[in-house]
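Taking it in order: structure first as structure tokens, then the write-up.
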Amino acid sequence: MDTPAEDTAQPWERAAQHLSGVLERRRGICAWERATDGRWYLIQVVPTLFPDEEVIEISWGGRQRPPSRILRLPLEKTWDTEAWSRDICRRRHQHGYHPVHS
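In the numbering used here, the protein residues as written are 2 to 103.
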């Protein structure tokens with residue numbers, strides 16, 4: 002019996018597609034939350050003073066608290082955003098986080 006591709010997809014793949022799109026468009030935010038303890042994880046593309054340079058800001062923390070860590074990485078034009086997005090979203094899912102949709 003054939004099953005649609007959507008039925009066999011991993012639960013984190015939709016979030017990976019969204020994150021990859023954010024990185025490709027060079028704007029937007031992706032957020033995850035872990036309901037058990039209120040931990041959150043956020044990835045966003047932030048502007049810089051230089052028009053040809055973008056930075057990814059990754060931050061995480063706990064409920065009603067400022068970020069416990071902020072990491073900033075240059076968004077390289079040659080980056081494999083799809084593979085990176087799949088890896089991040091798979092790990093968030095493994096750690097019990099769920100995407101937050103606005």
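The beta carbon of each residue, even a glycine, is placed where N, CA and C say it ideally should be.
Span of the beta strand (DSSP E) around residue i
i	result
Gln45	40-48
His99	99-101
Ala32	30-35
Between the CA atoms of residue j and residue i - distance to the nearest angstrom
i	j	result
Thr9	Leu20	With a pLDDT of only 49 at Thr9, under 50, the local geometry of the prediction cannot be trusted, and the value read off the model is given with reservation. Their Cα atoms are separated by approximately 20 Å.
Arg66	Ala36	15 Å
Cys31	Pro100	8 Å
Trp41	His94	12 Å
His96	Pro12	13 Å
Met2	Thr79	Here the model assigns Met2 a pLDDT of 45, short of 50, so the residue's position is not dependable and the matter cannot be decided.
Phe51	Glu25	18 Å
Ala17	Arg64	24 Å
Arg92	Glu14	11 Å
Endpoints, the alpha helix (DSSP H) within which residue i is located
i	result
Leu74	Unbroken run through Leu74 is the beta strand (DSSP E), 68-75; no alpha helix (DSSP H).
Glu83	82-95
Glu54	From DSSP, Glu54 is part of no alpha helix (DSSP H); its letter is neither H nor E.
Gln11	Segment: none, Gln11 is in no alpha helix (DSSP H) and carries neither H nor E.
Reference residue i; option with closest CA among the options
i	options	result
Asp1	Leu76, Trp85, His96	Since the first residue shown for the chain is 2 and the last is 103, residue 1 is missing from the structure and cannot be characterised.
Tyr98	Val46, Trp33, Arg73	Trp33
Residue i: CB within 7 Å of a non-hydrogen atom of the ligand ADP
i	result
Arg26	In the structure on display, the ligand ADP does not appear, and there are no ligands present to speak of.
Supposed close pair residue i, residue j - CB separation, criterion 8 Å
i	j	result
Val46	Arg27	5 Å
Ile44	Ile57	6 Å
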